[in-house]
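In our numbering, the protein residues as written are 12 to 490. Glycine included, every Cβ here is placed at the ideal spot set by N, Cα and C. Please read all numbers here as calculations on a predicted model, not as lab measurements.
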Amino acid sequence: MFKNSTNSLQEYGSKLRSLAEISSQQKVQWNHNSRSLLAPILLTGLILVVLPCYASLSTSTAKTIQGREPELSFDNGNSMASNLDYLLSFEMPDGAGDITVISPTTNEINVTSFYTFEQFVTKVSADGIGHELSPTYYYDTDGDTPHLTTPVAGSLTATWSYVAADGTTKIITADELSEPFNGCNAPYTLTITANDLKALSAYGDPMSKAYDNQSTSYTVNVTDYRICYARPAEMTVISNCSVAGNCTYESGYNPSVFTPGAGFSPNSAITFPTTGFDQAEFRLVMSSNQSDYIYTSSNPAIVSIDGNGDVTLHSTSKPVLPLNITLTATPNDTTYPAQTYSFSIVKWARALGESTYANSILSTATAFPAASMCKDGTTTSVTTAEEAETYFFARSDFTNTPKVMSNGLNGYFTRDIDSTFMGEWGNLYGGYPAATGFKMRNVAWASESRDDGQQFGVNIARGQVGVPPVNGLFTVVCR
12 MFKNSTNSLQ
22 EYGSKLRSLA
32 EISSQQKVQW
42 NHNSRSLLAP
52 ILLTGLILVV
62 LPCYASLSTS
72 TAKTIQGREP
82 ELSFDNGNSM
92 ASNLDYLLSF
102 EMPDGAGDIT
112 VISPTTNEIN
122 VTSFYTFEQF
132 VTKVSADGIG
142 HELSPTYYYD
152 TDGDTPHLTT
162 PVAGSLTATW
172 SYVAADGTTK
182 IITADELSEP
192 FNGCNAPYTL
202 TITANDLKAL
212 SAYGDPMSKA
222 YDNQSTSYTV
232 NVTDYRICYA
242 RPAEMTVISN
252 CSVAGNCTYE
262 SGYNPSVFTP
272 GAGFSPNSAI
282 TFPTTGFDQA
292 EFRLVMSSNQ
302 SDYIYTSSNP
312 AIVSIDGNGD
322 VTLHSTSKPV
332 LPLNITLTAT
342 PNDTTYPAQT
352 YSFSIVKWAR
362 ALGESTYANS
372 ILSTATAFPA
382 ASMCKDGTTT
392 SVTTAEEAET
402 YFFARSDFTN
412 TPKVMSNGLN
422 GYFTRDIDST
432 FMGEWGNLYG
442 GYPAATGFKM
452 RNVAWASESR
462 DDGQQFGVNI
472 ARGQVGVPPV
482 NGLFTVVCR
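So this is what it looks like as structure tokens:
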């Protein structure tokens with residue numbers, strides 16, 4: 012593009028020598044004015060020397076112009092965002108007809124059950140799914156054009172969750188966002204997370220700005236007064252019910268009425284319990300705090316309830332059945348209505364301790380001590396096998412194992428509201444310490460006998476059916 016600078020100097024020197032020769036031949040007398048003519052000539056030569064060098068330097072050191080990186084703006088480009096608080100915040104009704112903004116500086120909120128999840132308005136749907144952000148959040152001070160397809164990269168996720176009674180974390184789905192808060196599941200957690208956010212321009216230097224991942228969690232407490240569960244004092248769920256045929260439900264419980272760790276649903280078509288015995292206990296589990304209510308019973312002499320919602324059944328004799336009971340929980344905050352829970356007991360067991368069933372094999376027995384205890388407290392008043400069977404519960408009254416009609420040592424009870432003592436109350440042998448009649452032996456006599464003259468019994472800890480020896484000492488449970 013330019014001539015070599017060395018050749019230019021040689022040509023310029025040759026021209027100077029030619030001029031000197033002409034001057035000498037003409038014998039020109041140089042004065043001050045004539046000497047001044049030489050200055051522009053020398054300057055011109057110098058420029059000719061320097062220009063090629065400068066041109067060569069500029070082509071080898073060219074650089075892009077450093078500008079400002081693109082950024083995020085949450086106010087239509089009026090200013091650049093200094094943090095991501097705007098994305099991690101949400102709006103909600105303030106209860107007075109206005110909207111309030113909740114920012115990450117607030118981590119706990121108190122609401123009533125009249126609110127729904129969708130009234131908490133996050134920047135993206137709170138469905139637990141990562142969403143792309145609006146391209147309008149892009150901003151560049153230098154005016155660089157945003158990236159043609161992804162001016163704002165990354166995702167924003169908003170998720171509602173709560174810890175269920177069984178200890179597992181449950182996620183609120185998109186279909187549930189229109190539902191009101193349930194005090195039985197409170198507190199809820201709203202988590203908003205910004206992942207891999209980046210502003211991107213189409214050109215410029217730099218062309219992007221990345222933001223650190225950030226997350227904020229809000230705890231939402233719910234003021235609500237309702238009955239959540241009826242929880243028996245004994246909550247055993249048999250773990251090996253997954254073996255086919257061992258239990259009615261492979262999970263060990265009927266999921267439509269029972270929740271492990273929580274108890275029976277108060278909204279079941281038939282409410283727990285339908286069976287009872289002296290010193291059986293359960294808790295009426297309420298939303299908010301147990302002490303936020305005043306509790307009463309429609310028949311406190313037989314079914315009492317204390318200030319913590321703990322219910323106890325009392326009767327060593329068989330009460331008149333069905334026994335219909337209504338429990339009432341009245342909130343201390345009288346602006347909320349009283350909550351009622353009703354149930355009907357149709358079976359009542361009397362556990363009297365231990366006894367033999369008969370004084371010999373059934374075909375030759377003349378005394379039936381266990382049945383006599385049920386009849387009048389003696390050991391000899393019942394003398395026939397036919398009469399003896401009338402004082403006991405059938406195997407299917409004790410346990411709901413699928414193997415209830417056989418000697419099924421691998422069949423266990425499952426939790427259900429089905430008028431079986433173990434389905435409803437669980438382990439009778441060790442679960443109710445005050446019910447001393449159940450604590451003597453872990454097998455109770457049943458009403459049925461086998462064709463070979465053996466009497467059936469039920470393991471009242473796990474629900475298996477077996478055939479204990481009639482002269483052995485086992486638990487007497489009278490109907």
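Going by DSSP in three states, E261 sits in which element: helix, strand or coil?
coil
Does the region 276-293 touch the region 429-439, meaning 3 or more C-beta pairs lie closer than 8 Å?
yes
Cβ-Cβ separation, V476 to M412 (assumed contact under 8 Å), whole Å:
This sequence places Thr at residue 412; Met is not what is there. Going by Cβ atoms, the distance from T412 to V476 rounds to 7 Å, so yes, they are a contact pair.
Assuming the contact rule is C-beta atoms closer than 8 Å, I313 and H325 should be a hit. Round their C-beta distance to whole Å, please.
6 Å
Return the first residue and the last residue of the alpha helix (DSSP H) that Y97 is part of.
96-99
For M297, the three-state DSSP class (helix, strand or coil):
strand
Spatial neighbours of Y126 in its chain, beta-carbon cut-off 7 Å, leaving aside the 5 residues before and after:
P191, F192
When burial is assigned at 16 or more other CB atoms within 10 Å of the CB, is I182 buried or exposed?
exposed
Identify which residue in C489, D408, A221, V163 has its Cα closest to the Cα of Y148.
V163
Could you tell me the alpha carbon to alpha carbon distance between A221 and E82, rounded to whole angstroms?
9 Å
Taking the alpha helix (DSSP H) that D408 belongs to, which residues open and close that run?
406-409
CA nearest to the CA of G215, picked from V248, P198, H158:
H158
Can you list, in chain order, the residues of its chain whose CB lies under 7 Å from that of D177, leaving out five sequence neighbours each side?
T270, P271, G272, A273
Within the region 275-353, ranges of the beta strand (DSSP E) (whole runs, at least 3 residues)
286-288, 292-297, 304-308, 314-316, 321-324, 334-342
If you run the structure through DSSP and keep just helix, strand and coil, what is G483?
coil
Reduced DSSP secondary structure (H/G/I, E/B, other) of N251:
helix
Exposed or buried, which one is S353 when buried takes at least 16 other CB atoms within 10 Å?
exposed
Cβ neighbours of K507 in the same chain (closer than 7 Å, five flanking residues each side left out)
This structure cannot settle anything about residue 507, because the visible part of the chain is limited to 12 through 490.
Throw me the rounded Cβ distance for the H142 and S166 pair, which I believe falls under 8 Å.
6 Å
Expressed to the nearest angstrom, what Euclidean distance is found between the alpha-carbon atoms of E80 and M297?
56 Å
Under 8 Å Cβ to Cβ from S84, same chain only, skipping five residues before and after it: list those, please.
S90, M91, A92, Y148, Y149, Y150
D235, enclosing beta strand (DSSP E) - first and last residue
Careful: D235 lies outside any beta strand (DSSP E) and carries neither H nor E.
Ordered list of beta strand (DSSP E) runs contained in the region 353-421, each at least 3 residues
358-366
Over the uninterrupted beta strand (DSSP E) stretch that includes F467, give me the two end residues.
466-470
For Y173, which of helix, strand or coil comes out of DSSP?
strand
Below 6 Å CB to CB, which residues in the same chain sit around A378 once its five sequence neighbours on both sides are set aside?
N370, T391
Please classify E119 as buried or exposed, where buried requires at least 16 neighbouring CB atoms within 10 angstroms.
exposed
Cβ separation of R426 and G263, assumed to be a contact under 8 Å, to the nearest whole Å:
7 Å
E190 - containing beta strand (DSSP E), residue span
Note, E190: premise wrong, no beta strand (DSSP E); not H, not E.
Three-state secondary structure (DSSP) of M103:
strand
With a threshold of 8 Å on Cβ separation, who are the neighbours of N310 within its own chain once the five nearest residues in sequence on each side are excluded?
L334, I336
Three-state secondary structure (DSSP) of I110
strand
Going by beta carbon distance, what residues of the same chain come within less than 6 Å of L5, once the five residues before and after it are set aside?
Since the displayed the chain opens at 12 and closes at 490, residue 5 lies outside it and no answer follows.
What's the C-alpha gap between S145 and A197?
33 Å
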